[in-house]
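Take a look at the structure set out below.
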Amino acid sequence: MQATQTIDALHGTLKTYLNAEQANQVKRAYFFAEQAHYGQRRRSGEPYVTHPLAVAGILADMHMDHQSLMAAMLHDVIEDTGI
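Under numbering that gives the first Met the number 0, think of the first position of the sequence shown as 0, with each following residue one higher.
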């Protein structure tokens, strides 16, 4: 997986082993995380959401289920945002 994975690339990977609804749920979790982390940056200067996207990408490489991928996308929302 590339370090600069996009949600569209991840979604394409997910559709190879998840059904369309499951892949779309993961994509929706990404957009929720993107909104929740709006304005947050990593030390590298990248938007914070690149971290949960990378974690989900690792899990997708292992063909994990959609619930695990959604958890990866949302794992920092509670502790790092006001939501």
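Even for Gly, the Cβ is constructed at its ideal location relative to N, Cα and C. Remember, it's a predicted structure, so these values are computed and weren't measured experimentally.
Each residue's CA atom was taken as its position, placing residue 45 and residue 39 some 9 Å apart. Around the beta carbon of residue 71, a 10 Å sphere encloses 16 or more other beta carbons of the protein chains shown; the residue is thus reported as buried. Annotation: residue 11 to residue 76 spans about 24 Å, alpha carbon to alpha carbon.
Non-local C-beta neighbours of residue 82 in its own chain, meaning closer than 8 Å and more than five positions away in sequence, comprise 35 and 76, ordered along the chain. Between residue 8 and the set 62, 26, 20 and 21, the nearest pair of CA atoms involves 26.
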